[in-house]
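In what follows, a single structure is set out as structure tokens and then discussed.
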Amino acid sequence: MSVTPTPLQQIDDPLLSSYGVELFIKRDDLSHPDIGGNKWRKLKYNLLLARRQRYETILSFGGAYSNHLYALAAAGRVCGFSTVGVVRGEAPAVLSSTLAFARAAGMQLHFVDRETYRLRDEPAFIAELHRRFGRVLILPEGGSNELALPGCSEIIAELDLQTEARYDYVVCPTGTGGTLAGLIQGLRGTKNALGIAVLRNAAQLESRIRELLQHAGAPDLRNWSVIAGYEHGGYAKVTPELLAFVADFERRTKAPLEYIYSGKMMFALYDMIRTGQIPRGARVVALHTGGLQGKASMDEKYAHLHAEASRIVVS
Ligand SMILES: *Cc1c(COP(=O)(O)O)cnc(C)c1O
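The C-terminal residue of the sequence shown carries number 316 in our numbering, and the numbering is unbroken.
As structure tokens, this is what we get:
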């Protein structure tokens, strides 16, 4: 069912050649035809646990555009689990395309106000969810628990086979840190892992990643960093520069990006290459974590910025 190994696509770009850097995109957006992206990697071992422990229902949390709820709903349908999405905010008159998909896939949507949503990791709230929904397996927001790591570390095993382990950096966009932690675990101290922060949480992120690695028995690895400064204003925020970069990159390379994760990652990577933070001679693998299904609604939301972006010349 999974499509592994996911394709490794070399990016043919004179700009990269001029800096002596080789860049590959590992197309994990294609990791599963219905689920896709890093959320499928993170769910895999959680789904196996759910099956082993005979859970019928899996519950998790997310916002109106959550790729995690999207993937969980799809996974529930494909693997035969009922799913519940606890959604941040009051029920809207019109569902986002993400939530409409989730509901169509059979997910029960349970809207809670923002204040309540903040309690999502509190034992009292969890107990209430258990009372309400019965015996459910509860996964944290974004799916980044300890069982998310082995699924993501399999990306490294694939990559090593695909490249004969000839690469120096693996780079991913980072939200909650589960994916980066899994990549770090897979690298076992070799090469370098870089996580591009997509929201302003870099300090918290580092300690969360350390915590996840500690639980996974790999606490002392130092070959990784979280890169801050490329958030473009914060989570799901964009700038005309980002929109222009994404449009230019897609036109020149034919590789699809979205704005919240892969666009910010690639923008950061090009900047780091230009400024020498990624040295000449480096072979870099950028992980495409998916999320392309949300792009159409982003394009609508940012239509007013696209006009401005179209006047920016990307060098
Ligand atoms: C959730 C998500 C991420 C972030 O992954 P974390 O494990 O939370 O750091 C990156 N890219 C996409 C497309 C996502 O949906």
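Glycine included, C-beta positions come from ideal geometry on N, C-alpha and C.
Predicted model, so just to flag it, every value in this text is computed and none were measured.
CA-to-CA, the gap between Gln54 and Asn47 works out to about 10 Å. Distance between Ser18 and Gln10, taken at the CA atoms: about 16 Å. When the beta-carbon positions are compared, Pro34 and Ala65 stay at least 9 Å from each other.
At a Cβ-Cβ threshold of 9 Å, Arg89 and Phe62 count as neighbours. In this structure, the straight-line span from the alpha carbon of His216 to that of Ala158 is close to 20 Å. The way I'd put it, the region 77-89 doesn't touch the region 181-190; fewer than three beta-carbon pairs between them come closer than 8 Å. In terms of Cα proximity to Tyr236, the closest of Ile197, Leu150, Ala287 and Ala149 is Ile197. Counting along the chain, Asn68 sits inside the alpha helix (DSSP H) bounded by residues Asn68 to Cys80.
In summary, Asp13 is exposed, with fewer than 16 beta-carbon neighbours lying within 10 Å of its beta-carbon over all protein chains present. In this structure, Ile59 and Leu70 do not form a Cβ contact; the two beta carbons are roughly 11 Å apart against a cut-off of 8 Å. Under the DSSP definition of a beta bridge, Glu301 lacks any partner. For Ser98, there is no enclosing beta strand (DSSP E); the enclosing alpha helix (DSSP H) has its first and last residue at Ser98 to Ala105. By DSSP's assignment, Gln186 forms no beta bridge with any residue. For the pair Pro220 and Glu212, the Cα-to-Cα distance works out to about 8 Å. For the pair Thr117 and Leu100, the Cα-to-Cα distance works out to about 19 Å. By the neighbour-count definition (other C-beta atoms within 10 Å, threshold 16), Arg28 is a buried residue.
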